[in-house]
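First to last, the sequence lines map onto chains A and B. Going by the working numbering, the first sequence opens with residue 1, and the numbers climb by one from there. Going by the working numbering, the second sequence opens with residue 189, and the numbers climb by one from there.
Protein chains: 2
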Amino acid sequence: MELVRRTIERYVKLTDAEWAEVVPCWHTYTFAKGGRVSEAGRVERRFYIVESGVQRLYFEHDGNDHCLGFSYDHSWSGDFDSFVSQRPGRFQVQAVTDSVLWGIERADLYRLYDRMPAMERFGRLILEELIAGRATREVEQLALSAEERYRRLVQRSPHLLQLVAQKDIASYLGMTPETFSRLRAKVR
Amino acid sequence: MELVRRTIERYVKLTDAEWAEVVPCWHTYTFAKGGRVSEAGRVERRFYIVESGVQRLYFEHDGNDHCLGFSYDHSWSGDFDSFVSQRPGRFQVQAVTDSVLWGIERADLYRLYDRMPAMERFGRLILEELIAGRATREVEQLALSAEERYRRLVQRSPHLLQLVAQKDIASYLGMTPETFSRLRAKVR
DNA sequence: GCGGGCACTTGACCTGGATCAAGAACGCTC
DNA sequence: GAGCGTTCTTGATCCAGGTCAAGTGCCCGC
Chain A
1 MELVRRTIER YVKLTDAEWA EVVPCWHTYT FAKGGRVSEA GRVERRFYIV ESGVQRLYFE
61 HDGNDHCLGF SYDHSWSGDF DSFVSQRPGR FQVQAVTDSV LWGIERADLY RLYDRMPAME
121 RFGRLILEEL IAGRATREVE QLALSAEERY RRLVQRSPHL LQLVAQKDIA SYLGMTPETF
181 SRLRAKVR
Chain B
189 MELVRRTIER YVKLTDAEWA EVVPCWHTYT FAKGGRVSEA GRVERRFYIV ESGVQRLYFE
249 HDGNDHCLGF SYDHSWSGDF DSFVSQRPGR FQVQAVTDSV LWGIERADLY RLYDRMPAME
309 RFGRLILEEL IAGRATREVE QLALSAEERY RRLVQRSPHL LQLVAQKDIA SYLGMTPETF
369 SRLRAKVR
């Protein structure tokens, strides 16, 4: 719960009365390694802050996984697209390691939006952050070769290599596990 | 101005007093075909609603254009990433045809956010919409072949083929103009 | 602790789409 | 309306990265 407070405080200031209303809306959810946080085809009910563990966001098409991103540390998790649109999700979220997440039900969050402008601002700021992150990824996917994408990842997120299976990272980088393996051998 | 009102009304209800404050913040900006709405390297100052014309959002890398999207009709335009982060933009926005846009300065929009929860909600809802749009694009880029991407575009946005140069559509679909041309010949 | 199945590596080969090149058909500008 | 730059087409060739296949190792459940 400390984590939830600290996270929200990074974006907005709330009064004690507001905190008293916000805090009870958040609950912990634990997932064993391999467990599904969100299922494709279902409407996403919750929005999460990661207490611990790593999750991957991906979808399947013709038997291939396509990984769009990972969440860990104190970042966001869940299928935002479905959460926001309330349409059946196209994505899966899976716990890559044992995970503890703080989650809030959509109905609760939107009630908070109605009752507190500060929380509505929190929602807006998170989305702004998500947009910026997606833009960065899109630029790199479009403009860089497989090798350059690999180099950037190693440079920027070396910890991921320890935490996540190589095939999942390969998919995140838009290449096959074989290509990823060859780049590993080649680069350094 | 009618357009601005109708657009905002699709998302939130404002009082007459609020409208009186919101309306003067919006101004028209006209761009001749080929004109630059936003420059890479500059911080985006405005957020736009398209009154008329088509614009493309793209970036350059190693002498190649990579087009991320088009705006037209009554959709949004501008470099949101830079607008939101207030960092120098990575993207260019160019008028593909003569264009008239309604724009609001960032300072004005954020002042409205401060003064009216309804406008803050408007901001959040727009971002939600943008996120969903990007998710759709990302899925298609990752999972579909060049031919399938072409087919989808023809099916979903046939009007674009009339309005925009083929090389720009090719870039938007993540292929070269040559490949695009060959698909046109092949697919009906 | 052993057996079966993933994950990873490495090699050989294949292919979708890029690149290079050369015309043809439009617009613009003067 | 002549001239020129740009866009589009079409063909020939190339190559980054995918696919297929075989072997190794290691983790996990019984």
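Yeah, the Cβ is synthetic: ideal placement off N, Cα and C, and Gly gets one too.
For Tyr113/A, would you say it is in contact with chain B, using Cβ-to-Cβ distances shorter than 9 Å as the test? Along the first sequence, one-based indexing puts residue 113/A at 113. It does; some Cβ of chain B falls within 9 Å.
In chain order, which continuous runs of the alpha helix (DSSP H) of length 4 or greater are located wholly inside the segment 276-313 of chain B? 294-303
For Val238/B, which beta-bridge partners are listed by DSSP? Locating residue 238/B in the second sequence gives position 50, counting from the first residue. The beta-bridge partner set that DSSP reports for Val238/B consists of Leu289/B.
Segments assigned alpha helix (DSSP H), at least 4 residues, entirely inside the segment 4-55 of chain A: The segment 4-55 of chain A contains these whole alpha helix (DSSP H) runs: 16-22.
Distance CB(Gly69/A)-CB(Tyr150/A) smaller than 9 Å: Locating residue 69/A in the first sequence gives position 69, counting from the first residue. Locating residue 150/A in the first sequence gives position 150, counting from the first residue. Their beta carbons are not under 9 Å apart, which means Gly69/A does not touch Tyr150/A by this criterion.
Along the segment 165-180 of chain A, what residues have a CB closer than 8 Å to any CB found in chain B? Flagged, chain order: Gly174.
Which of the three DSSP states, helix, strand or coil, is assigned to Gly257/B? Here the question's residue 257/B lines up with position 69 in the second sequence. Looking at Gly257/B - three-state DSSP - the assignment turns out to be strand.
Mind checking Asp267/B: buried by the 16 CB within 10 Å criterion, or exposed? Residue numbering aside, residue 267/B sits at position 79 when the second sequence is read from its first letter. Counting Cβ neighbours within 10 Å, Asp267/B comes out buried, since at least 16 surround it.
Is it the case that the Cβ atoms of Ile196/B and Phe271/B are separated by a distance below 9 Å? For the purposes of this step, residue 196/B is taken as the residue at position 8 of the second sequence. For the purposes of this step, residue 271/B is taken as the residue at position 83 of the second sequence. Their beta carbons are not under 9 Å apart, which means Ile196/B does not touch Phe271/B by this criterion.
Name the one or two DSSP bridge partners that Ser265/B has. Along the second sequence, read from residue 1 onward, the residue named residue 265/B stands at position 77. Tyr236/B.
Using a threshold of 9 Å, state whether the C-beta atoms of Arg90/A and Ala40/A are closer than that. Mapped onto the first sequence, residue 90/A falls at position 90. Mapped onto the first sequence, residue 40/A falls at position 40. Yes, they are a contact pair.
Which residue from Glu60/A, Ser99/A and Ala170/A puts its Cα closest to that of Val37/A? Taking the first sequence and counting its residues from 1, one reaches residue 37/A at position 37. In this structure, Ser99/A is the residue among Glu60/A, Ser99/A and Ala170/A with its C-alpha nearest to the C-alpha of Val37/A.
Inter-residue spacing [alpha-carbon to alpha-carbon] between Leu313/B and Gly291/B: Working through the second sequence from its first residue, we reach residue 313/B at position 125. Working through the second sequence from its first residue, we reach residue 291/B at position 103. Roughly 18 Å between the two C-alpha positions.
I'd like to know whether the C-beta of Leu127/A is nearer than 9 Å to at least one C-beta of chain B. Against the first sequence, residue 127/A aligns to sequence position 127. Yes, its Cβ sits closer than 9 Å to a Cβ of chain B.
With a threshold of 9 Å between beta-carbons, can Arg233/B be considered close to chain A, or not? For the purposes of this step, residue 233/B is taken as residue 45 along the second sequence, with counting starting at 1. No, because no Cβ of chain A sits closer than 9 Å to the Cβ of Arg233/B.
In the DSSP output, which residue or residues are listed as bridge partners for His61/A? Locating residue 61/A in the first sequence gives position 61, counting from the first residue. Asn64/A.
Helix, strand or coil at Gly174/A according to DSSP, with G and I counted as helix: Working through the first sequence from its first residue, we reach residue 174/A at position 174. Coil at Gly174/A, not helix or strand.
Contacts that Arg312/B makes with chain A (C-beta to C-beta distance below 7 Å): Locating residue 312/B in the second sequence gives position 124, where the first residue counts as 1. Per Cβ cutoff of 7 Å: Glu120, Gly123, Arg124 and Leu127.
Tell me the rounded alpha-carbon separation between Val200/B and Arg303/B. Start at 1 with the first residue of the second sequence, and residue 200/B comes out as number 12. Start at 1 with the first residue of the second sequence, and residue 303/B comes out as number 115. About 15 Å.
Is it true that the CB of Lys167/A sits closer than 9 Å to the CB of Ala95/A? Here residue 95/A is taken as the residue at index 95 of the first sequence, counted from 1. Here residue 167/A is taken as the residue at index 167 of the first sequence, counted from 1. Not closer than 9 Å, so no.
Between Val187/A and Asp250/B, what straight-line distance do the alpha-carbon atoms span, to the nearest angstrom? Counting from one through the first sequence, the residue named residue 187/A turns up at place 187. Counting from one through the second sequence, the residue named residue 250/B turns up at place 62. One C-alpha to the other measures close to 22 Å.
Are the C-beta of Ala320/B and some C-beta of chain A separated by less than 9 Å? Along the second sequence, read from residue 1 onward, the residue named residue 320/B stands at position 132. Yes, because at least one Cβ of chain A sits closer than 9 Å to the Cβ of Ala320/B.
Check each candidate in Ser333/B, Glu232/B and Arg372/B and name the one with the smallest Cα separation from Pro346/B. On the second sequence, position 158 is the one that residue 346/B refers to. In terms of Cα proximity to Pro346/B, the closest of Ser333/B, Glu232/B and Arg372/B is Arg372/B.
Given Pro24/A as reference, the closest of Arg45/A, Val50/A and Glu2/A once Cα atoms are compared: Numbered from its first residue, the first sequence carries residue 24/A at position 24. Out of Arg45/A, Val50/A and Glu2/A, Glu2/A has the C-alpha closest to the C-alpha of Pro24/A.
Taking only beta-carbon atoms, is Glu206/B less than 9 Å away from chain A? Here residue 206/B refers to the residue found at position 18 when the second sequence is read from its first residue. Glu206/B does not count as touching chain A.
Sequence-distant residues of its chain with Cβ nearer than 7 Å to Glu232/B (five each side left out): Your numbering for residue 232/B matches position 44 in the second sequence. Ser226, Gly266, Asp267, Ser270, Phe271 and Gly277.
Alpha helix (DSSP H) segment containing Ala146/A, residue limits: The residue you call residue 146/A lines up with position 146 of the first sequence. Start and end: Ala146 to Arg156.
Kindly give me the distance between the Cβ atoms of Met307/B and Leu300/B, rounded to whole angstroms, as I take these residues to be in contact under 8 Å. Residue 307/B sits at position 119 when you count from the first residue of the second sequence. Residue 300/B sits at position 112 when you count from the first residue of the second sequence. Indeed they touch by this definition, with Cβ atoms about 4 Å apart.
On the CB-based measure, 16 or more other CB atoms within 10 Å of its CB, does Gln280/B come out buried or exposed? Taking the second sequence and counting its residues from 1, one reaches residue 280/B at position 92. By the 10 Å Cβ count, Gln280/B comes out buried.
Of all Cβ atoms in chain B, is any one closer than 9 Å to the Cβ of Ala185/A? For the purposes of this step, residue 185/A is identified with residue 185 of the first sequence, where counting begins at 1. The beta carbon of Ala185/A does not come within 9 Å of any beta carbon belonging to chain B, so the residue lies off that interface.
Report the neighbours of Glu326/B on chain A: residues whose CB is nearer than 7 Å to its CB, in chain order. Numbered from its first residue, the second sequence carries residue 326/B at position 138. Result: Leu68.
Is it buried or exposed for Leu245/B, if we count other Cβ within 10 angstroms and need 16 for buried? The residue labelled residue 245/B in the question sits at position 57 within the second sequence. Leu245/B should be labelled buried.
Three-way DSSP call (helix, strand, coil) for Arg370/B in this model: Your numbering for residue 370/B matches position 182 in the second sequence. Of the three classes helix, strand and coil, the one that applies to Arg370/B here is helix, per DSSP.
Below 7 Å on C-beta distance, what does Pro117/A contact in chain B? On the first sequence, residue 117/A is found 117 positions in, with the first residue counted as 1. Here the neighbours are Pro305 and Glu308.
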